[in-house]
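Residue numbers (this note's numbering), protein chains in the order written: chain A, 83 to 295; chain B, 3 to 402.
Glycine is no exception: its CB is placed at the ideal position from the N, C-alpha and C atoms.
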Amino acid sequence: MLHTKDLQFAYNKDLSFTFPELKCNAGESLLITGRSGCGKTTLLHLLAGILHPASGEIRIGDTLLSSLRGADADRFRGESVGLVYQRPHFIASLTVMDNLRLPAFFGRKSVDEGAVTTLAEHLGIVHTLRQLPDRLSVGEQQRASIARALVNNPRLILADEPTSALDDDNCASVIELLTRQAAEHNAALVIVTHDSRLKSVVKNRVELSLQGR
Amino acid sequence: MLLKIIYRNLAHKPLGAALSIALLALSTGIISMLLLLQTQLEQKFERDLKDIDLVVGAKGSPLQLVLSAVYHVDAPTGNIPMEEVEKLRKMRSISGITPLAYGDSYQRFRILGTDTTFISRYGGKLRSGRLFGQPLEAIAGATVAENTGLQVGQTFYSTHGDADGGAQHDHAGYVVTGILERSNTVLDNLLLTDISSVWSIHEESHEEHDHDHDHEHDTVPREITAALVKARSVHSAMTLPMMINESTGMQAASPALEINRLMKMLGIGVTALQTLALGIMLISGFSVFIALYNRLRERKYELALMRSMGCSRARLFWMLLSEGMLLALTGFIGGLLLSRLGLWILNTSAAREFHFVFRYEPVQAELWLLAITVMVGALAALVPAVSAFRMNLSRALADA
Numbered sequence: 083m084l085h086t087k088d089l090q091f092a093y094n095k096d097l098s099f100t101f102p103e104l105k106c107n108a109g110e111s112l113l114i115t116g117r118s119g120c121g122k123t124t125l126l127h128l129l130a131g132i133l134h135p136a137s138g139e140i141r142i143g144d145t146l147l148s149s150l151r152g153a154d155a156d157r158f159r160g161e162s163v164g165l166v167y168q169r170p171h172f173i174a175s176l177t178v179m180d181n182l183r184l185p186a187f188f189g190r191k192s193v194d195e196g197a198v199t200t201l202a203e204h205l206g207i208v209h210t211l212r213q214l215p216d217r218l219s220v221g222e223q224q225r226a227s228i229a230r231a232l233v234n235n236p237r238l239i240l241a242d243e244p245t246s247a248l249d250d251d252n253c254a255s256v257i258e259l260l261t262r263q264a265a266e267h268n269a270a271l272v273i274v275t276h277d278s279r280l281k282s283v284v285k286n287r288v289e290l291s292l293q294g295r
Numbered sequence: 003m004l005l006k007i008i009y010r011n012l013a014h015k016p017l018g019a020a021l022s023i024a025l026l027a028l029s030t031g032i033i034s035m036l037l038l039l040q041t042q043l044e045q046k047f048e049r050d051l052k053d054i055d056l057v058v059g060a061k062g063s064p065l066q067l068v069l070s071a072v073y074h075v076d077a078p079t080g081n082i083p084m085e086e087v088e089k090l091r092k093m094r095s096i097s098g099i100t101p102l103a104y105g106d107s108y109q110r111f112r113i114l115g116t117d118t119t120f121i122s123r124y125g126g127k128l129r130s131g132r133l134f135g136q137p138l139e140a141i142a143g144a145t146v147a148e149n150t151g152l153q154v155g156q157t158f159y160s161t162h163g164d165a166d167g168g169a170q171h172d173h174a175g176y177v178v179t180g181i182l183e184r185s186n187t188v189l190d191n192l193l194l195t196d197i198s199s200v201w202s203i204h205e206e207s208h209e210e211h212d213h214d215h216d217h218e219h220d221t222v223p224r225e226i227t228a229a230l231v232k233a234r235s236v237h238s239a240m241t242l243p244m245m246i247n248e249s250t251g252m253q254a255a256s257p258a259l260e261i262n263r264l265m266k267m268l269g270i271g272v273t274a275l276q277t278l279a280l281g282i283m284l285i286s287g288f289s290v291f292i293a294l295y296n297r298l299r300e301r302k303y304e305l306a307l308m309r310s311m312g313c314s315r316a317r318l319f320w321m322l323l324s325e326g327m328l329l330a331l332t333g334f335i336g337g338l339l340l341s342r343l344g345l346w347i348l349n350t351s352a353a354r355e356f357h358f359v360f361r362y363e364p365v366q367a368e369l370w371l372l373a374i375t376v377m378v379g380a381l382a383a384l385v386p387a388v389s390a391f392r393m394n395l396s397r398a399l400a401d402a
């Protein structure tokens, strides 16, 4: 599902990154670890089409993401990539339900409220759908942001430090949810983290090394 | 959905939006009200002008003469002898004369002695009854009938002058013989009768109340207040005033000229108000800018989030621009309501005095106002929209 080759990115002459080859099949998970400053978030943004690589290839399914630019990359991201962040962020003025409908809206897909509700039930947040996001607990918020990443049935789910703000209990349940949901949706899951608690949970792992300065 | 996002965002922090909307509503309200007043007054002045080339009356302020004789709003300048007017009637350069004699009023509506040319000049039609024929018969305009409840066959007693508390002529009453249809002209607000009726009322009243009307005693008979003159040609319309002003004891004034002068004088005030309103509009544009820009900094992460969900730069740009335009539109609608409220207050408080009711329907210039307001909103949103367009998505996401 996900395959990168000879991936390079440069912020400027002094700050550039070369990334190892990555492979992740549909329904599987890949953990990318490394100390801060080694380009974890940069890599994630490359995989999401938010940043554009200086050279190399990113292939997601049969799409060559590294060849897409501007609005095309935006559209591909909206359709095929789900993102989960370290701290859950929402549109504060919209209810959780409306926040969960946003990816479909921006990804130009039709909104299936029934599917959204089912997903919310699976993640145990169905009781929060009519509330504004800042009324939710941190655990509920993180589960809602996972729901948002899954709503569009993306082929690739990218998680940036999804557990580092959570206590052990929440950490375990969130990572369990992420991996299980990714498998159920038959999506490739890439988790970028320095959270060592996750190493025991995810088998496939790539360690990034400090480089390039 | 996009509308919902925009609306909910504005409603989420309502105070900043409220200030912008209030300022926008105030400025568009003032401008819209000025537009309505101007267009309707101009229309009204035009309509009542009909084909009156000149007004002949006693010497005094020409503007006052025009206002009293054509628009029936100011006090008359004085009286002129009927025989002088009859002399004018014989002149070749004059094709029509309508004499006007004021005297009394009924419930603040003026009673005007004239002849039937006055009614045909304004295209008046009878709704019921017949025209006045005998002395002391009168017909009522539509508004008069509505407000006083006068009906055909009814008798009413006039009051001396046009004040409420004036002495009542209760010995001789007028009989209403007809009611006019609404014509949206001065006819609506007048009671019309024969000139001889006005004279006879005053003759009788002077016999009885001689002691308190001494000053009018020798001027009462055969005098009228003014005459509306139709000239035979444009040329005579221009030469007649000089002739009348120099060779008779009367003055002739051109309504078109006087109204033009009046409009110019009012125009200074209108321009001042318009400038003020434009100033407020500028400030409201600035306030929209501040409201949107402040929110932009708070919402930077939300906007990044939308981008990360596949929203393109262009779409985000339009969304923020629409926010500004929606604010402006709301302000504009508020302004329309404000201006109508202003007119309503004018109508309820002063309509009687002006003998004019302002209408509420929109005028074409308000379309321009709408376009300008929306443009102000879009312009104010331009800077936030551009900075959202140029946002570095990767950094915005990493900074959160």
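Per DSSP, the bridge partner or partners of residue i
{"i": "ASP106/B", "result": "HIS162/B"}
{"i": "GLY98/B", "result": "LYS232/B"}
{"i": "ASP83/B", "result": "For clarity, residue 83/B is Pro in the given sequence; the question names Asp instead. GLU225/B, per the DSSP bridge assignment."}
{"i": "ILE181/B", "result": "SER130/B and ALA142/B"}
{"i": "VAL288/A", "result": "ILE114/A"}
{"i": "VAL57/B", "result": "LEU230/B and ALA255/B"}
{"i": "HIS237/B", "result": "Beta-bridge pairing links HIS237/B to no other residue."}
{"i": "CYS106/A", "result": "LEU84/A"}
Reference residue i, options the options, closest by Cα
{"i": "ALA241/A", "options": "SER255/A, THR261/A, ALA254/A and VAL220/A", "result": "THR261/A"}
{"i": "GLN136/B", "options": "PHE111/B, SER286/B, MET377/B and LEU194/B", "result": "LEU194/B"}
{"i": "LEU338/B", "options": "ASP76/B, LEU192/B and LEU372/B", "result": "LEU372/B"}
{"i": "LEU290/A", "options": "LEU104/A, LEU84/A and ALA136/A", "result": "LEU104/A"}
{"i": "GLY155/B", "options": "THR250/B, SER389/B and GLU139/B", "result": "GLU139/B"}
{"i": "ARG10/B", "options": "LEU322/B, ALA387/B and SER286/B", "result": "LEU322/B"}
{"i": "ASN81/B", "options": "ASP55/B, LEU307/B, MET252/B and VAL290/B", "result": "MET252/B"}
{"i": "PRO243/B", "options": "ILE96/B, LEU26/B, THR116/B and TYR73/B", "result": "ILE96/B"}
{"i": "CYS120/A", "options": "SER111/A, ALA270/A, ALA136/A and ALA92/A", "result": "ALA92/A"}
{"i": "MET240/B", "options": "GLY143/B, ALA258/B and ILE226/B", "result": "ALA258/B"}
{"i": "ILE285/B", "options": "ALA367/B, LEU5/B and ALA27/B", "result": "ALA27/B"}
{"i": "ALA265/A", "options": "VAL284/A, LEU280/A and ASN181/A", "result": "VAL284/A"}
{"i": "THR116/B", "options": "ARG110/B, ALA103/B and LYS127/B", "result": "ALA103/B"}
{"i": "LEU133/A", "options": "THR115/A, ASP144/A and LEU89/A", "result": "LEU89/A"}
{"i": "LYS92/B", "options": "THR350/B, ARG301/B and VAL231/B", "result": "VAL231/B"}
{"i": "GLU44/B", "options": "LEU25/B, ALA19/B and TYR73/B", "result": "TYR73/B"}
{"i": "ARG190/A", "options": "GLY180/B, LEU4/B and ARG110/B", "result": "LEU4/B"}
{"i": "MET377/B", "options": "PHE360/B, SER389/B, LEU340/B and GLU325/B", "result": "GLU325/B"}
{"i": "ILE335/B", "options": "GLU368/B, ILE261/B and ALA316/B", "result": "GLU368/B"}
{"i": "ALA400/B", "options": "THR123/A, SER98/A and PRO102/A", "result": "THR123/A"}
{"i": "LEU211/A", "options": "ASN181/A, GLN168/A and PHE188/A", "result": "ASN181/A"}
{"i": "GLY143/A", "options": "ARG287/A, ALA270/A and HIS276/A", "result": "ALA270/A"}
Straight-line Cα distance separating residue j from residue i
{"i": "GLY62/B", "j": "GLY379/B", "result": "52 Å"}
{"i": "VAL272/B", "j": "LEU328/B", "result": "29 Å"}
{"i": "MET311/B", "j": "ARG237/A", "result": "14 Å"}
{"i": "GLU139/A", "j": "LEU298/B", "result": "35 Å"}
{"i": "ASP154/A", "j": "LEU343/B", "result": "51 Å"}
{"i": "HIS217/B", "j": "LEU275/B", "result": "Because the pLDDT at HIS217/B is just 46, under 50, the model does not fix this residue reliably, and the point stays unresolved."}
{"i": "ILE374/B", "j": "THR41/B", "result": "19 Å"}
{"i": "SER278/A", "j": "GLY152/A", "result": "35 Å"}
{"i": "HIS127/A", "j": "PRO16/B", "result": "35 Å"}
{"i": "LEU146/A", "j": "LEU125/A", "result": "16 Å"}
{"i": "SER148/A", "j": "GLU195/A", "result": "33 Å"}
{"i": "ILE282/B", "j": "ASN268/A", "result": "59 Å"}
{"i": "GLN66/B", "j": "ALA77/B", "result": "7 Å"}
{"i": "LEU345/B", "j": "ASN394/B", "result": "51 Å"}
{"i": "THR277/B", "j": "LEU340/B", "result": "18 Å"}
{"i": "ASP190/B", "j": "GLY126/B", "result": "9 Å"}
{"i": "LEU232/A", "j": "TRP370/B", "result": "48 Å"}
{"i": "GLY143/B", "j": "GLU48/B", "result": "20 Å"}
{"i": "ASP53/B", "j": "SER249/B", "result": "24 Å"}
Contact belief for residue i with residue j at Cβ below 8 Å, rounded distance in angstroms
{"i": "PRO364/B", "j": "TYR295/B", "result": "Wrong, their Cβ atoms sit about 33 Å apart, outside the cutoff."}
{"i": "THR199/A", "j": "VAL208/A", "result": "6 Å"}
{"i": "SER111/A", "j": "ILE273/A", "result": "7 Å"}
{"i": "SER107/B", "j": "ILE113/B", "result": "6 Å"}
{"i": "PRO83/B", "j": "ALA229/B", "result": "The pair is not a contact, with the Cβ atoms about 11 Å apart (cut-off 8 Å)."}
Neighbouring residues, chain E, relative to residue i (Cβ below 7 Å)
{"i": "ALA247/A", "result": "In the displayed structure, chain E is absent; the protein chains listed are A and B."}
**Request:** Evaluate the contact criterion for the region 212 to 228 of chain A versus the region 241 to 259 of chain A: three or more CB pairs, one atom per stretch, below 8 Å.
**Result:** yes
**Item:** the region 86 to 97 of chain B in contact with the region 116 to 129 of chain B per 3-pair CB rule at 8 Å
**Value:** no
**Asked** Does the region 182 to 199 of chain B come close enough to the region 143 to 154 of chain B that 3 or more CB-CB pairs lie under 8 Å?
**Response** yes
**Asked** Quick check: the region 213 to 222 of chain A against the region 159 to 167 of chain A, are there 3 or more CB pairs under 8 Å?
**Response** no
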